[in-house]
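*Asks:*
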Amino acid sequence: MEHPHQEERVHATEPVVEPGYTFSSVTDKISSIVLRRRTPLWWFAGFAVAFVLAQVLLLSITYLVFTGIGIFGTNVPVGWAMPIINFVWWIGIGHAGTLISAILLLLRQEWRTSINRFAEAMTLFAVACAGIYPVFHLGRPWLAYWLFPYPNTMNIWPQFRSPLMWDVFAVSTYGTVSALFWFIGLIPDFATLRDRARSRPFQWIYGMLAMGWRGSARHWARYEMAYLLLAGLATPLVLSVHTIVSFDFAIGIIPGWHATIFPPYFVAGAIYAGFAMVLLLTIPLRKLYGLEGFITDRHIDNMAKVMLATGLIVLYGYMMEAFFGYYSANQYESYMIHNRQFGPYWYYYWALIFCNGFTPQLLWFKFFRKNTVILWFIAVVVSIGMWLERFVIVITSLHRDFLPSSWGMYQPTIWDWSMFLGTLGLFFSLLFLFIRFLPMISIFEMRTILPQAEIEEEAA
Amino acid sequence: MSTAVEKTFAAPPEVARLQRPALIVGAVFLLLLVAGIFLPHGTGQNQVPGITQFFRSYLLGFVFWTGVSVGCLGLLMLQHNIRGAWGMVIRRVLEAGTRTLPLMLVLFLPLAIFGLPHIYEWVNPQGFHATERSIEIINSKRGYLNVPFFLIRSFIYFALWIGLMYVLNLWSREQDRTSEHGLIKKMQRVSGPGLGIFILSVTFASIDWVMSLEPEWFSTIFGLLFVAGWNLSAFSFVIVVMFWLSERRPMNEVLLPRHFHDLGKLLLAFVMLWAYFAFSQYLIIWAGNLPEEIKWYLYRTRGGWGWVGILLPILHFAIPFLMLLSRDLKRNASKLAAVALAILVMRFIDLVWIIVPEFHKGAFAMSWMDVVSPVAIGGLWLAYFAWQLQQRPLVPTGDSRLAEAMEEHGGH
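Note that the protein sequences, when read in sequence, are chains E and F. Using the numbering used here, read the first sequence as starting at 1 and increasing by one per residue. Using the numbering used here, read the second sequence as starting at 1001 and increasing by one per residue.
Listed below in structure tokens is the structure:
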């Protein structure tokens, strides 16, 4: 048996759990947010705003389905626009959750424990938001099932050489595995909530969700095995989903899309955006619920470091694109990068460089990693930067391609924006419901990383 | 205290005994290589003067062994950042590996002074019978691809590598002497930005030394392919050395199955990383099928090279990948070292596949000198490495984390 605590002894920085907690106080503290404490006023206010925005999404989708995708600004020559930008943005945000829950688990990084539940929920909601775009961009979303290979009388078969097709499988697998992973992780906590709930309906609902969990040794043995297997299964998905998203672009031969660096650069960008979103959400939440004892400065520091590392890879991607644009001696390639930097969309490009290239460099300094207010703003800037990145890649590559006579500009419509705001509303509505009705930190896993848990293990 | 400890962890006498045979092999093969200058190479149309073949082969050996040295530097900085027990036990081997960089700088000189017109089309378009279109492309890249700038860049890479190597080795030596805790932080502080410098310098070195062999071709992932590849070469080499040391005092008392287990996991990660980059590049270029890009792969899949191209995913990825999944294999030093050695050989074959077809444009041809050159440079490299390895204790004795790293049931 290897002791995960050994690392602490030597590199004693901040602890992963504030000292002084006991098994029962951990359980009390986390479960009371769901079961005992009065729902705070800010929750109602926040949920109301998010819920209104979610209605904007429903409204937009309704109008879209009745009218057609002509309501978007997507038009020749920019045949892919806001929907794919937002799809990639959302799906990227999800990656941090899987990385934290699966890869950091396999790497025995125990600091993940207090943020994994939350980050996984974020993954699921982000994937849900992302999935809306390709389906409704089909124009006839009621025929979305044509994407799947099934025997039919119409002789319709998906084009398996298209990465868009791989995307269907990658994203749906990712969504399924993430949901399973999240749910299985929740089962022991559902049982805790079931046992602690006072009102009958809640006992009943949490009881159903706990699926008969009694906490017997056999339950735990099976549970640990299932959890580990799912972690192994989820790990390649972190890489594969965004790799395939990058193929959506790179397989084509449009300058600015057809770049071999895209797979690692997209994956790093996804993790980067995801950690920015986790920071963006955890910094206020831990303050509002007084969870600084569980989500310590060490977590914030580590997440900021991951953001710095992935941000540097993304910056490397920008550098390679710019260098090879000029090195290629290919007039289309070099025009593409020139057009990005000095063409009509130049301010998007330089805003992107500022947000994603310059801002994260602050994270080299401990001062900025420690100061949660500044860090929160950095996370916001990075989230905006990652949206700009997709905008620059999609729009500037398409609006001026090989034939100058077919050049054009892209103008998003009000519906492009309402869809985007709407998915933000959906995301935050789900998130507010999650923090109100489910334990946002894994109760039982927190108990295992308390120092008391280790002493018993050594005595045994 | 420190002298006693230093004595305890001194390199075994076999390391010193390795020096002379390695040097002899290196010298003999180097003589063979030089003799090759005076022989004709190739047949018919492909006939080239001996000096041209000499530099073609020399480039191959030079890039391979520079990869091992520079890869050691990257791994050294990586372990300073990650701080695992595995890093503590291999640190001295990595440091000795990085200290071979001055040798590689010296070995770069013949290439820099005499070799360039023989291997790079952009240096000497007339000598290569370049087509009008190639000359046009080369001319439009003159701002980057010209001899003075090429040489300045190459010396900058070496300056950066040797600079990083120098400070990290200096502080490590100082740590042995003083056991000062602050040095750990110091080395970490350099290694963070150092890794960034490493990735950028390896990227541009790979573009200059290898990619520019075909001046028209470009691929944005190429640098990362070399970053992963050179780290993988160095890591495989280090695992082989660690196994060899684990058979002898004093390291047989230090190295535990769990160390090899961690090394094996990291080896698996590097194998996967390399395969991921290599496959991404292939798939994207194959699917795009653009004339200026696809020809790079056509030269490497036609006329017999295709067989090498098939070997790579199988022997460089699939088989090591499947074997390294086994926990028992990773904990068994000798088996792990066998896999690592095989990967090291495949690293060389990968480099052959990347470099050599460029000179034969679609025809399968290899000179005997392509094998002699890496052995010649490798012999010198190994002798130098063995000499450097004896200079210091085989573990960083002044590092406060060493005791924990050597514990039977340590962390990670």
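Where a beta carbon is used, it is the ideal one built from N, C-alpha and C, also for glycine.
Does DSSP classify T1041/F as helix, strand or coil?
*Replies:* Sequence check: residue 1041/F is His here, not Thr. Here H1041/F sits in strand by DSSP.
*Asks:* Which runs of the beta strand (DSSP E) at least 3 residues long sit entirely within the segment 333–371 of chain E? Give them in chain order.
*Replies:* Entirely contained in the segment 333–371 of chain E, not one beta strand (DSSP E) run reaches 3 residues.
*Asks:* Are F66/E and P83/E closer than 8 angstroms when you measure CB to CB?
*Replies:* Contact: no.
*Asks:* Does V1016/F pass the burial test, meaning 16 or more other C-beta atoms within 10 Å, or should it be called exposed?
*Replies:* In the sequence as displayed, the identity of residue 1016/F is Ala instead of Val. By the neighbour-count rule (16 or more Cβ atoms within 10 Å), A1016/F is not buried but exposed.
*Asks:* Can you find a C-beta in chain E that's less than 8 angstroms from the C-beta of F1009/F?
*Replies:* For F1009/F, the answer is no, since every Cβ of chain E falls outside 8 angstroms of its Cβ.
*Asks:* Roughly how many angstroms separate the alpha carbons of I30/E and R36/E, rounded to a whole number?
*Replies:* When rounded, the distance between both Cα atoms is 10 angstroms.
*Asks:* Please state the DSSP three-state secondary structure of V1034/F.
*Replies:* Reduced to three states, the DSSP call for V1034/F is helix.
*Asks:* Using the Cα positions of S1002/F and M1251/F, report the straight-line distance between them to the nearest angstrom.
*Replies:* Residue confidence is low: S1002/F scores 48 on pLDDT, short of 50, so the model does not pin down where it sits. Its coordinate-derived value is still stated next. Whole-angstrom Cα-Cα distance: 18 angstroms.
*Asks:* Taking buried to mean at least 16 other C-beta atoms within 10 Å of its own C-beta, is L1094/F buried or exposed?
*Replies:* So L1094/F ends up on the buried side.
*Asks:* Does chain F have any CB closer than 8 angstroms to the CB of Y327/E?
*Replies:* Yes, Y327/E counts as interfacial toward chain F.
*Asks:* Output, in sequence order along the chain, the residues in the segment 254–281 of chain E whose CB is closer than 8 angstroms to any CB in chain F.
*Replies:* Of all residues in the segment 254–281 of chain E, H258, A259, T260, I261, F262, P263 and P264 have a Cβ within less than 8 angstroms of some Cβ in chain F.
*Asks:* 8 angstroms is my cut-off, CB to CB: does Y174/E come that close to chain F?
*Replies:* Output row for Y174/E: interface = no.
*Asks:* Which bits of chain E does Y1144/F rub up against, with CB to CB less than 7 angstroms?
*Replies:* Those are Y327, listed as they occur along chain E.
*Asks:* Determine which residues of the segment 219–253 of chain E have a Cβ less than 8 angstroms from any Cβ of chain F, and write them out in chain order.
*Replies:* Under the 8 angstroms Cβ criterion, the segment 219–253 of chain E contributes L239, T243, F247, A250, I251, G252 and I253.
*Asks:* Which word fits K1141/F, buried or exposed, when buried means at least 16 other C-beta atoms lie within 10 angstroms of its C-beta?
*Replies:* K1141/F comes out buried.
*Asks:* I believe V1068/F touches S1233/F by the beta-carbon criterion, under 8 angstroms. Please report the beta-carbon distance rounded to the nearest angstrom.
*Replies:* 5 angstroms between Cβ atoms; contact.
*Asks:* Return yes when the Cβ of M1165/F is within less than 8 angstroms of the Cβ of T1098/F, no when it is not.
*Replies:* Cβ distance < 8 angstroms, so T1098/F and M1165/F count as in contact.
*Asks:* Identify whether V1048/F lies in helix, strand or coil by the three-state DSSP scheme.
*Replies:* Correct three-state label for V1048/F: strand.
*Asks:* How many Å lie between I353/E and W407/E at the Cα?
*Replies:* So the alpha carbons of these two residues sit roughly 25 angstroms apart.
*Asks:* Expressed to the nearest angstrom, what Euclidean distance is found between the alpha-carbon atoms of F420/E and R108/E?
*Replies:* Each residue's Cα considered, the two are about 37 angstroms apart.
*Asks:* Taking only runs of the alpha helix (DSSP H) that begin and end inside the segment 1264–1332 of chain F, which ones reach a length of at least 4 residues, in chain order?
*Replies:* Listed in chain order, they are 1291–1301, 1305–1311, 1319–1324 and 1327–1331.
*Asks:* Starting from the C-beta of Q1019/F, find all residues in its chain whose C-beta is less than 8 angstroms away, skip the five residues before and the five after it, and write them out in chain order.
*Replies:* If we look at Q1019/F and ignore the five residues flanking it on each side, its Cβ neighbours are A1383, A1386 and W1387.
*Asks:* Would you say A1287/F lies against chain E (beta-carbon separation less than 8 angstroms)?
*Replies:* By this cut-off, A1287/F is an interface position.
*Asks:* Taking N1139/F as part of the alpha helix (DSSP H), name the residues at either end of that continuous run.
*Replies:* That run of the alpha helix (DSSP H) goes E1132 to S1140.
*Asks:* Check whether the Cβ atoms of G68/E and G139/E lie closer than 8 angstroms to each other.
*Replies:* Yes, the Cβ-Cβ distance between G68/E and G139/E is below 8 angstroms.
*Asks:* For a cutoff of 8 angstroms on Cβ pairs, would you count E1358/F as touching chain E?
*Replies:* Not an interface residue.
*Asks:* In its own chain, which residues sit with a C-beta less than 8 angstroms from the C-beta of R369/E, not counting the 5 before and 5 after it?
*Replies:* Correct list, in chain order: I300, D301, A304, K305, L363 and L375.
*Asks:* Below 7 angstroms on C-beta distance, what does F324/E contact in chain F?
*Replies:* In chain order: F1218 and T1220.
*Asks:* I think S1154/F touches F1108/F, with their Cβ atoms under 8 angstroms apart; what is that distance to the nearest whole Å?
*Replies:* Contact flag correct, Cβ pair sits at about 7 angstroms.
*Asks:* Sort out for me which residues DSSP pairs V1375/F with in a bridge.
*Replies:* V1375/F is not bridged to any residue.
*Asks:* With a 10 Å radius around its C-beta and 16 neighbouring C-beta atoms as the bar for buried, classify F365/E as buried or exposed.
*Replies:* F365/E should be labelled exposed.
*Asks:* Check whether the Cβ of E1180/F lies closer than 8 angstroms to any Cβ atom in chain E.
*Replies:* Closer than 8 angstroms: no.
*Asks:* Touch check for the segment 1293–1312 of chain F and the segment 267–280 of chain E: three-plus C-beta pairs under 8 angstroms?
*Replies:* Counting Cβ pairs under 8 angstroms, fewer than three are found: no touch.
*Asks:* Roughly how many angstroms separate the alpha carbons of R38/E and S32/E, rounded to a whole number?
*Replies:* Straight-line Cα distance between these residues: approximately 9 angstroms.
*Asks:* Measuring alpha carbon to alpha carbon, tell me which of M122/E, P15/E and T235/E ends up nearest L106/E.
*Replies:* If we check each option's Cα against that of L106/E, T235/E comes out closest.
*Asks:* Measure from the C-beta of F1277/F to each C-beta in chain E and report whether the shortest distance is under 8 angstroms.
*Replies:* Output row for F1277/F: interface = yes.
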